[in-house]
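Student: First, the structure itself, so that you have it in front of you.
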Amino acid sequence: MEVWLPRVRCRSGTCPDFVVRPSELYPRRQYQLDTVASVAAAMAIGGQSAAQAAAPATASPTSARRWTRWVAQLAEPGALIAATRKIDPDAPAGAGLSVTVPSGLWSRAALVLCALEELGLALVRRGVELVSRTGLGRVLEWQHRLHRVVVGLVVERRHLSPAMALEALGGAG
35 MEVWLPRVRC RSGTCPDFVV RPSELYPRRQ YQLDTVASVA AAMAIGGQSA
85 AQAAAPATAS PTSARRWTRW VAQLAEPGAL IAATRKIDPD APAGAGLSVT
135 VPSGLWSRAA LVLCALEELG LALVRRGVEL VSRTGLGRVL EWQHRLHRVV
185 VGLVVERRHL SPAMALEALG GAG
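Just so we're aligned: the sequence shown equals residues 35 to 207 in the numbering used here.
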């Protein structure tokens, strides 16, 4: 889904142009997190080429590869699974996932995406209302909503913190 966002200019002309985004859109992203998750999953889990995965999103193959690398580096899968277990102790968090983090970038991206899905579902089961439909979108939306933290494509600057979601749920206990 494409949404055109108009650029706004302040009347004084002394401030830079800016874009007014609806609250449900993740800040500073041309492609929203659900799109990024779908493209990365098509490559990492579905085995599609970058061009095949990017085509439905009208993105470039370069973006598809960049997004998949970003997802792979976003968080430690074990931390995501631990957060899921704290939020929803009855969920089979991590069931079927390898306990060792794979060395291949695409394999690691697949593991991170799966762990994000579990954590995102645990948040929804806990009653958190989220607009996003993928685990990546849900978890980062929740972190942004509570802490105003935006995780950009340069992972070294801001890391996803599953602990942030736990703090907001009162330790999930």
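The beta-carbon is built from N, C-alpha and C at its ideal position, and this holds for glycine as well. Only a predicted model underlies this, so the values are computations on that prediction, with no experimental measurement involved.
On the DSSP letters alone, give me the boundaries of the alpha helix (DSSP H) that isoleucine 115 sits inside.
Tutor: Note, isoleucine 115: alpha helix (DSSP H), 111-121.
Student: For glutamine 82, tell me which candidate among Leu150, Arg99 and Leu147 has the shortest Cα-Cα distance.
Tutor: For glutamine 82, the nearest C-alpha among the options comes from Arg99.
Student: Examine the Cβ distances between the stretch 138-154 and the stretch 165-174 and report whether three or more of them are shorter than 8 Å.
Tutor: Cβ pair count under 8 Å is three or more, so yes.
Student: Applying the 10 Å Cβ sphere with the 16-neighbour rule, what's the burial state of leucine 130?
Tutor: At residue 130 the sequence reads glycine, which differs from the leucine that was named. The residue is exposed, with fewer than 16 neighbouring Cβ atoms inside 10 Å.
Student: Once the 5 residues before and after glycine 128 are set aside, which same chain residues still bring their CB inside 6 Å of it?
Tutor: So the list reads Ile115, once near-sequence residues are dropped.
Student: Alpha carbon to alpha carbon, how far is leucine 153 from alanine 87? Give it in angstroms, no decimals.
Tutor: Cα to Cα, the separation comes out at about 24 Å.
Student: Compare the beta carbon distance of aspartate 124 and alanine 156 with 7 Å and say whether it is the shorter of the two.
Tutor: Result no, Cβ atoms of aspartate 124 and alanine 156 do not sit closer than 7 Å.
Student: Answer with buried or exposed for glutamate 163, where buried requires no fewer than 16 other C-beta atoms within 10 angstroms of its C-beta.
Tutor: Its Cβ having fewer than 16 others within 10 Å, glutamate 163 is exposed.
Student: Please classify threonine 48: does DSSP put it in a helix, a strand, or coil?
Tutor: Here threonine 48 sits in coil by DSSP.
Student: In its own chain, which residues sit with a C-beta less than 7 Å from the C-beta of methionine 77, not counting the 5 before and 5 after it?
Tutor: So the qualifying residues of the chain are Ala84, Ala87, Ala98, Thr102 and Trp140.
Student: If the criterion is Cβ atoms closer than 7 Å, does the pair alanine 91 and threonine 69 meet it?
Tutor: Contact flag set, yes.
Student: Mapping the DSSP letters down to three states, classify valine 173 as helix, strand or coil.
Tutor: Here valine 173 sits in helix by DSSP.
Student: Which residue wins for smallest C-alpha separation from alanine 106, given the options Gly161, Val73 and Ala117?
Tutor: Comparing Cα-Cα distances from alanine 106 to each of Gly161, Val73 and Ala117, the minimum goes to Val73.
Student: Rounded to a whole number of angstroms, what is the C-alpha to C-alpha distance between alanine 93 and serine 166?
Tutor: Going from the Cα of alanine 93 to the Cα of serine 166 covers about 19 Å.
Student: Under 7 Å, do valine 185 and leucine 174 count as touching if we go by C-beta distance?
Tutor: Result yes, Cβ atoms of valine 185 and leucine 174 sit closer than 7 Å.
Student: Which class does glycine 163 belong to by DSSP, given the choice of helix, strand or coil?
Tutor: Correcting the residue identity first, residue 163 is glutamate in this sequence and not glycine. Here glutamate 163 sits in coil by DSSP.
Student: By DSSP, does serine 83 sit in helix, in strand, or in coil?
Tutor: Serine 83 falls in the coil class under three-state DSSP.
Student: Sorted by chain position, which residues of the same chain lie with C-beta nearer than 6 Å to isoleucine 79's C-beta, five sequence neighbours on each side aside?
Tutor: Ala144.
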